[in-house]
Amino acid sequence: MDITALYKISYGLFIAGVEAEGKLNACVINTATQLTVTPLYVSVTLLKSNYTAELIEKKQSLALSVISMDTPLSLIQHFGGKSGREVDKFKDITYTVDENNNPYIENTMLAFISMKVVKTIDLETHVMYIGEVTNTDHLASTAAPMTYADYRHKSAKTGKKGPEAPTVSNEKQYVCSICHYIYDGDVPFEELPEDYVCPVCNQPKSVFDAL
Ligand SMILES: Cc1cc2nc3c(=O)[nH]c(=O)nc-3n(C[C@H](O)[C@H](O)[C@H](O)COP(=O)(O)O)c2cc1C
């Protein structure tokens, strides 16, 4: 089995934002999907250990910003590469709040989607929130939506540590199950310290899968 075959699924990219008990946070997700029309349900799936998931659990609502091809990689890295437990991700970011006081970003985004959680599904490492859409509208960007594949190509082009597979390696490869970064360091993956974290999305060694 080659799990990179799943990269052919045309995921979109989103910023999931939430305010709970005065704390504001957001993270990048690729797991937003429309499920039904009437009622209008959308699901999002988050790693349980993410701070965003902790806040959604408390608030039971969130706002999605739909990422476009105009969205800078630096913004995706900003929201997808560090945890709100360590930094205030909204400190220097211009944002708007929806009717539930959850934050979304207008600049370079295609749309916002506000939702209230109606069902929570435990998926061991992750939690899936099914939400009813309470408001949604277009935003200023007229660019195409950025897919996960677009993101991988863009990251590879910039020469940053991106999620493309290294071309020559005799060693077993490991992929981050959260952001699809493929480990390409000099030290064999198995020998990395237990506190190694993914350089793209900051998640622990334990979320990596062998290819
Ligand atoms: C392209 C990309 C896609 C991601 N998709 C998801 C996702 O669907 N669910 C998730 O929980 N984390 C996802 N992540 C990882 C989180 O954005 C990342 O772990 C973030 O640092 C969590 O921040 P928080 O602790 O402030 O919530 C993704 C990251 C990237 C770069």
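Going left to right, the sequence shown walks through residues 439 to 649 as our numbering numbers them.
The C-beta atom is built at its ideal place from N, Cα and C for all residues, glycine as well.
Going by beta carbon distance, what residues of the same chain come within less than 8 Å of Thr585, once the five residues before and after it are set aside?
-> Ser448, Tyr449, Gly450, Leu451
Alpha helix (DSSP H) segment containing Phe658, residue limits = This structure cannot speak to residue 658, because the chain is shown only from 439 to 649.
Pair within 7 Å by beta-carbon distance, Ile568 and Ser481 = yes
Continuous alpha helix (DSSP H) stretch holding Ile494: start and end = 489-497
For Ala464 and Pro541, believed in contact at Cβ under 8 Å, the rounded distance = 6 Å
Report the partner residues of Lys554 according to the DSSP bridge assignment.
-> Ser499, Glu570
Verify the contact flag: Ala641, CB atom, against every heavy atom of ligand 1, threshold strictly below 6 Å.
-> Checking the displayed sequence, the identity of residue 641 turns out to be Gln instead of Ala. True, at least one ligand heavy atom lies under 6 Å from that Cβ.
Uninterrupted beta strand (DSSP E) stretches inside the stretch 447-492 (no shorter than 3 residues) | 452-458, 461-467, 479-485
Specify the secondary structure class of Val635 as computed by DSSP and reduced to three states.
-> strand
Check Ala587 in the structure and name its three-state DSSP category.
-> helix
Cβ-heavy atom distance between Gly460 and ligand 1 below 6 Å?
-> no
Coarse secondary structure for Ala648, derived from DSSP in three states | strand
Proximity below 7 Å, CB of Ser521 to CB of Ile453 | no
Going by C-alpha distance, which of Asp440, Ile467, Gln515, Ala549 is nearest Thr580?
-> Ala549
Output the distance between the C-alpha atoms of Ala578 and Ile543, rounded to the nearest integer angstrom.
-> 11 Å
Would you call the stretch 634-643 and the stretch 609-626 touching, i.e. three or more CB-CB distances under 8 Å?
-> yes
If you measure from the CB of Asn463, is any heavy atom of ligand 2 nearer than 6 Å?
-> As presented, the structure is devoid of ligand 2, carrying ligand 1 as its sole ligands.
Taking C-beta to C-beta, are Glu570 and Lys557 nearer than 7 Å?
-> no
Mind checking Gly623: buried by the 16 CB within 10 Å criterion, or exposed?
-> exposed
Is Thr474 near ligand 1, with its Cβ less than 6 Å from a heavy atom?
-> no
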